[in-house]
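So the structure is just underneath, and the comments pick up after that.
2 protein chains.
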Amino acid sequence: MARPDFDILVVGGGSAGLTVSIAGRALGMRVAQVERYRMGGECLGTGCVPSKALLHAAALAHAAREAAEAGLVEADPAAPIDFGRAMAHVQAAIETIAPHDSAQAQGRRGIKVFDAHATLLGGGRVQVGAQTVTARHIVLCTGSRPRIPDVPGMDQLVYHTHETIFGLTHLPGQLAIIGGGPEGCELAQAFARLGSRVVLIQRNRRLLANDDEEASALIRTVLEREGVTVLTSALLKRVVPSDVHHARLLHVDVNGQEHTIEADAVLVAAGREPVVDGLGLDEAGVKVGPDGIVVDAYMRTTAPGIWACGDCVGPYRYTHAAETQGRQLVRNLLFPWKMRPIDLRGLPWATFTDPESAHVGLTEAAARSKYGKGAIRTVLLPLSEVDRAVCEGATDGFVKYTLRGQKLVGAQVVAPRAGELIQQLALLLHQRLPRHVLESAHVYPTYSYALHQANDRANYVRRSESRVWSFTLRVLRRFALGA
Amino acid sequence: MARPDFDILVVGGGSAGLTVSIAGRALGMRVAQVERYRMGGECLGTGCVPSKALLHAAALAHAAREAAEAGLVEADPAAPIDFGRAMAHVQAAIETIAPHDSAQAQGRRGIKVFDAHATLLGGGRVQVGAQTVTARHIVLCTGSRPRIPDVPGMDQLVYHTHETIFGLTHLPGQLAIIGGGPEGCELAQAFARLGSRVVLIQRNRRLLANDDEEASALIRTVLEREGVTVLTSALLKRVVPSDVHHARLLHVDVNGQEHTIEADAVLVAAGREPVVDGLGLDEAGVKVGPDGIVVDAYMRTTAPGIWACGDCVGPYRYTHAAETQGRQLVRNLLFPWKMRPIDLRGLPWATFTDPESAHVGLTEAAARSKYGKGAIRTVLLPLSEVDRAVCEGATDGFVKYTLRGQKLVGAQVVAPRAGELIQQLALLLHQRLPRHVLESAHVYPTYSYALHQANDRANYVRRSESRVWSFTLRVLRRFALGA
Chain P
119 MARPDFDILV
129 VGGGSAGLTV
139 SIAGRALGMR
149 VAQVERYRMG
159 GECLGTGCVP
169 SKALLHAAAL
179 AHAAREAAEA
189 GLVEADPAAP
199 IDFGRAMAHV
209 QAAIETIAPH
219 DSAQAQGRRG
229 IKVFDAHATL
239 LGGGRVQVGA
249 QTVTARHIVL
259 CTGSRPRIPD
269 VPGMDQLVYH
279 THETIFGLTH
289 LPGQLAIIGG
299 GPEGCELAQA
309 FARLGSRVVL
319 IQRNRRLLAN
329 DDEEASALIR
339 TVLEREGVTV
349 LTSALLKRVV
359 PSDVHHARLL
369 HVDVNGQEHT
379 IEADAVLVAA
389 GREPVVDGLG
399 LDEAGVKVGP
409 DGIVVDAYMR
419 TTAPGIWACG
429 DCVGPYRYTH
439 AAETQGRQLV
449 RNLLFPWKMR
459 PIDLRGLPWA
469 TFTDPESAHV
479 GLTEAAARSK
489 YGKGAIRTVL
499 LPLSEVDRAV
509 CEGATDGFVK
519 YTLRGQKLVG
529 AQVVAPRAGE
539 LIQQLALLLH
549 QRLPRHVLES
559 AHVYPTYSYA
569 LHQANDRANY
579 VRRSESRVWS
589 FTLRVLRRFA
599 LGA
Chain S
119 MARPDFDILV
129 VGGGSAGLTV
139 SIAGRALGMR
149 VAQVERYRMG
159 GECLGTGCVP
169 SKALLHAAAL
179 AHAAREAAEA
189 GLVEADPAAP
199 IDFGRAMAHV
209 QAAIETIAPH
219 DSAQAQGRRG
229 IKVFDAHATL
239 LGGGRVQVGA
249 QTVTARHIVL
259 CTGSRPRIPD
269 VPGMDQLVYH
279 THETIFGLTH
289 LPGQLAIIGG
299 GPEGCELAQA
309 FARLGSRVVL
319 IQRNRRLLAN
329 DDEEASALIR
339 TVLEREGVTV
349 LTSALLKRVV
359 PSDVHHARLL
369 HVDVNGQEHT
379 IEADAVLVAA
389 GREPVVDGLG
399 LDEAGVKVGP
409 DGIVVDAYMR
419 TTAPGIWACG
429 DCVGPYRYTH
439 AAETQGRQLV
449 RNLLFPWKMR
459 PIDLRGLPWA
469 TFTDPESAHV
479 GLTEAAARSK
489 YGKGAIRTVL
499 LPLSEVDRAV
509 CEGATDGFVK
519 YTLRGQKLVG
529 AQVVAPRAGE
539 LIQQLALLLH
549 QRLPRHVLES
559 AHVYPTYSYA
569 LHQANDRANY
579 VRRSESRVWS
589 FTLRVLRRFA
599 LGA
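One line per chain: the protein sequences are P and S, in this order.
Note that the working numbering has the first sequence beginning at 119, numbered continuously upward.
Note that the working numbering has the second sequence beginning at 119, numbered continuously upward.
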């Protein structure tokens, strides 16, 4: 066999593809990457980056209103907000970050980028646009796309997804959001703060269904307080596009009762589906399951020499999950005699509402069903007992530890900086450190100090319940103090 | 000898005293605490809590101005700020937190609190107000007070310290702050944002002299941009109180040139000195050094049965340092046959300006002088390359790692959430974890992701400089890829 054109050919230019191509290239491999649409993928152009930028603009407007309402600044709390400025900030953020992920930047790293569509031809050959390219390893990083609810009228409705919503030039007066996961909650808060009347329609009985129950309840309370109408256990039945004032009607079933929601814009944020069509996967022997491309623990597909990672695989569709998979994949590809399985057990995630909601490990419910109800206890420290939160008037939130005996098996944090706090707990779980390391010095008064406080509370609860501990203490006191 | 009245008598009701008394009591000991002024100490009443609350009010006012300036909200960027509201917020925060630290709360925990002055009488006896109390162990937690510069005119000047500044009812038009450490920098920013013209007078050649140089430079830039006049290498020569408009004149020598600063309020934030007077330390045989009460690694003073911790000891005068010492002290007191020395090597600290500046481990300069210039290298990741910071327009900042070989020996973070980020690095240093644990998944796009990015950069630099690595890679590629 002739020497292949490349060591690795990466299909897709999003987070997973960028990780694999850059890591592969850094390790000296000859790498090519195919992207038919836009480098940087969903995360940069239409996902994490624009949503965080919009949330920032909304937070700034919210702070201005808060300062006026509290009488701290002499201003009108109802002062108009310039939506165009908010959107300009979003575009500026994308444009600042884009060059890092561009084909030019990849070129400078020594990665050949094809602006084309890729189809697997089998035997290490890939149809890239008009040409055929050969590679020793093919890595599929084709990503995901929004899942569109299959209800009557949907095909006639003009709706937004994250792919188009950041192109809005006018603030929707009434915005209906279908889906109450991280994306739905974040954008509900952002648009409500910018002045839209928002209705959030969630199929599950609670928002943020992957987080602990308390987080779902609190984020709901916060959104409702900011004017968002939240419907849970709400099943979209049918939609009626309309030309009158561009209004749309959504018919939603909530516990058997039909609600009709009028909206002049609709955002679909109801989950994602893997992009697996038009790639020639079947012909190449790459099996696809309900969640996406089927891979083993080493990120190998069912076809030899073909790997996959990121959103087209799952189960977690996060940028950092894609990156973690991509890194392990490249290691496995380079050290085939010493492959290591991917371990996503300590993978944290966060929703960037204000307050943020972040999770790592098992939820309480998952822990109870895994280890038995009696084996699990939880500790909850409300932010009202955390001094920094009191100083900042930001006491909506908590730190919750789910413990199996003394061991931390999961944590949920809702706090203004929860996304940062969860990282220390993720390190603890990932490195299998004992919980008592949280007794080490935590800077006072940070939000992180709450992690330390909650740990003390867990110890205290344990001690006050333990007879062995009481007895040991009595002996100790007698010995040390003669008391 | 008769049974003493208490197992532990704690002198002082601040952070150190609260930690020792609560921990001692939780372990079943009979604990008394003497506080002559106010429970909660400096931290609650006049230190960390009010400064963080004032910074929050100032940040809110700043955000409102920023929103108006950017045209996001239709409002006047120069809208007046109500200083009374800001101060009301400060008092509310103190009042919310105070009950946790109160004599009543201590009483409910089973701790006897004396509202009195304490004097050591020797032999486990302490004069508490009018009575004599005996205790098996005495723990000195007397704290510290502001150090007042000894210059001509100072004794006639009416000036503020942190003990009085939060009682202000009117915003000073022109505020001079003596001291450019954490307290000086935080309050300079807070008052400038609330509308004062602030002059910050720092004796050292840079602000935040315990942090890395880059942090000093950046915090200076930020303060200057917000209108603060920063004088470094500035020696206060004399002060002239005046009655005309309540103005004060400060004569300052900057590199041999005399400057005259007019101010209608002066804040002294020029370091702290331990409270060691009037306690009968000499008579009881407790030695006092230039930094405070002399203790060994186990927190024992030079007199048997007398311990000390917190600000009256040093070297770090932080709430969380006092707490760390206090916890270790109680353990050592209860397990005298298994005492452990205090280890403050991984102790992080933070300055809560916006952006925050946080440090752990050695500074670059300290590392170079300890290990030799050539043994140390640094990696610096500017926040302009961190996506979340770009989304929030908060790119003033960086993550800096100081490395000895591959090992992290110190870190400096300047970022909006640096106080939280430093905690993960503190855990790493405290637990002596290898740096590569930072390769684990970090939620995207958090600020913590920058820690992960900076670690990648450190790896990349190492690889690109290493011939052994290049050779190993070449072999690996040949073996794995036949390339």
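Note that the Cβ used here is the ideal one computed from N, Cα and C, for glycine as well.
Under the three-state DSSP convention, the category residue i falls into
| i | result |
| --- | --- |
| P:Arg263 | strand |
| P:Val358 | strand |
| S:Ala601 | For S:Ala601, the pLDDT reaches just 47, beneath the cut-off of 50, and the residue's location in the model is therefore unreliable, leaving the point undetermined. |
| P:Glu192 | coil |
| P:Lys230 | strand |
| P:Asp103 | Any question about residue 103 of chain P goes unanswered here, given that chain P covers just 119 to 601. |
| P:Thr282 | helix |
| S:Ser558 | coil |
| S:His570 | helix |
| S:His255 | strand |
| P:His369 | strand |
| P:Leu521 | strand |
| P:Glu376 | strand |
| P:Trp587 | helix |
| S:Phe453 | coil |
| S:Glu304 | helix |
| P:Gln549 | coil |
Proximity winner among the options, relative to residue i (alpha-carbon distances)
| i | options | result |
| --- | --- | --- |
| S:Leu349 | S:Tyr416, S:Leu318, S:Ile295 | S:Leu318 |
| P:Gly490 | P:Thr164, P:Cys509, P:Asp461, P:Leu521 | P:Leu521 |
| P:Ala248 | P:Gly189, P:Glu304, P:His278, P:Phe232 | P:Phe232 |
| P:Ala141 | P:Arg156, P:Glu153, P:Asp125, P:Tyr155 | P:Asp125 |
| S:Thr347 | S:Ser487, S:Cys303, S:Ala176, S:Ala333 | S:Cys303 |
| P:Ala234 | P:Ala221, P:Gly240, P:Leu594, P:Arg227 | P:Ala221 |
| S:Ser487 | S:Val504, S:Val527, S:Thr164 | S:Val527 |
| P:Val497 | P:Val555, P:Ile424, P:Asp574 | P:Asp574 |
| S:Gly105 | S:Ile256, S:Glu401, S:Ala388, S:Tyr434 | Given a span of 119 to 601 for chain S in the structure shown, any question on residue 105 of chain S remains unanswerable. |
| P:Ala507 | S:Asp200, S:Arg315, S:Ala211 | S:Ala211 |
| P:His280 | P:His548, P:Leu312, P:Gly189, P:Arg263 | P:Arg263 |
| P:Pro217 | S:Asp514, S:Gln541, S:Ser502 | S:Ser502 |
Proximal residues of chain S, C-beta to C-beta of residue i below 7 Å
| i | result |
| --- | --- |
| P:His288 | Per Cβ cutoff of 7 Å: no residues; P:His288 is ~16 Å from chain S at best. |
| P:Leu480 | In chain order: nothing, as chain S lies at least about 16 Å away. |
| P:Leu539 | Glu538 |
| P:Ala179 | Ala185, Leu190, Val191 |
8 Å Cβ cut-off: residues of chain S touching residue i
| i | result |
| --- | --- |
| P:Val555 | Leu545, His548, Gln549 |
| P:Arg203 | Ala188, Gly189, Leu190 |
Interface partners of residue i on chain P, CB under 7 Å
| i | result |
| --- | --- |
| S:Val508 | Ala211, Thr214, Ile215 |
Backbone CA spacing between residue i and residue j [nearest angstrom]
| i | j | result |
| --- | --- | --- |
| S:Ala601 | P:Leu238 | Summary for S:Ala601: the model assigns pLDDT 47, below 50, so the residue's position carries little reliability; its value from the coordinates is reported in the next sentence. About 22 Å. |
| P:Trp455 | P:Leu172 | 46 Å |
| S:Ala493 | P:Met147 | 31 Å |
| S:Asp329 | P:Arg265 | 49 Å |
| P:Val406 | P:Val394 | 8 Å |
| P:Pro459 | P:Arg418 | 10 Å |
| P:Ala572 | P:Arg445 | 34 Å |
| P:Val561 | S:Gln307 | 20 Å |
| S:Pro408 | S:Gly299 | 20 Å |
| S:Pro122 | S:Val251 | 8 Å |
| S:Val138 | S:Val128 | 7 Å |
| S:Arg375 | S:Val357 | It should be noted that the sequence gives Gln, not Arg, for residue 375 of chain S. S:Gln375 and S:Val357: Cα-Cα distance of roughly 16 Å. |
Within chain P, the residues that residue i reaches when beta carbons sit closer than 8 Å
| i | result |
| --- | --- |
| S:Val386 | Here the premise fails: no neighbours, minimum Cβ distance about 23 Å. |
| S:Thr137 | Under the 8 Å cutoff, chain P gives no residues; its nearest Cβ is about 10 Å from S:Thr137. |
Within chain P, the residues that residue i reaches when beta carbons sit closer than 9 Å
| i | result |
| --- | --- |
| S:Leu475 | In the sequence on display, residue 475 of chain S carries Ser and not Leu. Chain P residues near S:Ser475: none, gap ~11 Å exceeds 9 Å. |
The stretch 152-173 of chain P: positions lying closer than 7 Å to chain S by Cβ: Cys166, Val167, Lys170, Ala171
Residues in the stretch 229-252 of chain P having any Cβ partner in chain S nearer than 8 Å: none
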